[in-house]
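Numbering of the sequence shown is given in the working numbering, commencing with residue 3 and proceeding in unit increments. No residue lacks a Cβ here, since even glycine has one placed at the ideal position from N, Cα and C. Please read the structure below before turning to the comments.
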Amino acid sequence: MPSPCVSLCKINPNSALCEGCMRTLDEIIAWSKADDDFKRAVLAQLPGRVSLLDFEPDY
């Protein structure tokens, strides 16, 4: 399963989410060794996390 990384890696200090892929640092670190169930669960949460950032992403 491909990573949601878009090569815009910056952790937002207020939300603790990456401003590019909306994942937490723990999720980013775990991704390469995680099983598909974990990855699907993370991917399902990403759209709702946009509102936690201080800005709207460009995509």
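query: What span of residues does the alpha helix (DSSP H) with P15 cover, start to end?; result: Looking at the DSSP string, P15 is not in any alpha helix (DSSP H), and its letter there is neither H nor E.
query: Okay, do the segment 19-32 and the segment 41-50 touch, 3+ Cβ pairs below 8 Å being the bar?; result: yes
query: Give me, in chain order, the residues of the same chain whose beta-carbon lies closer than 6 Å to that of K41; leave out the 5 immediate sequence neighbours on both sides.; result: M3
query: Name the DSSP beta bridge partners of C20, please?; result: I13
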